[in-house]
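The structure appears below as structure tokens.
As structure tokens, then:
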């Protein structure tokens, strides 16, 4: 089983959507500092990943796929 770096998934998904970290923070109803933490984390809780997916309007499966493309 291959492990993925979820921070890289966040970065890739955010870039695909073409939004800045500040815009992402507003959509996710969080701070830009939290978005930065998400972008650099190697792991995160499932409910946090789902929050990121909801904010970016992508499926969990798509999010995970980003981890294999980066």
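Residue numbers (my numbering): 96 to 165. Using N, Cα and C, we set each Cβ at its ideal position, and we do this for glycine too. Keep in mind the model is a prediction, meaning the values are calculated, not measured.
Exposed or buried, what is residue i when buried is set at 16 or more other beta-carbons lying within 10 Å of its beta-carbon?
i: residue 109; result: buried
i: residue 151; result: buried
i: residue 130; result: buried
i: residue 102; result: buried
i: residue 117; result: exposed
Rounded to whole angstroms, what is the Cα-Cα separation between residue i and residue j?
i: residue 154; j: residue 106; result: 15 Å
i: residue 156; j: residue 162; result: 10 Å
i: residue 142; j: residue 160; result: 18 Å
i: residue 119; j: residue 137; result: 19 Å
i: residue 123; j: residue 113; result: 15 Å
Starting from the Cα of residue i, find the closest Cα among the options and give me that residue.
i: residue 98; options: 116, 139 and 119; result: 139
i: residue 126; options: 147, 113, 158 and 104; result: 147
i: residue 100; options: 135, 115 and 114; result: 135
Length-filtered (4 minimum) alpha helix (DSSP H) runs lying within the stretch 115-153: Counting whole runs of 4 or more residues, the stretch 115-153 contains the alpha helix (DSSP H) stretches 116-123, 127-135 and 141-151.
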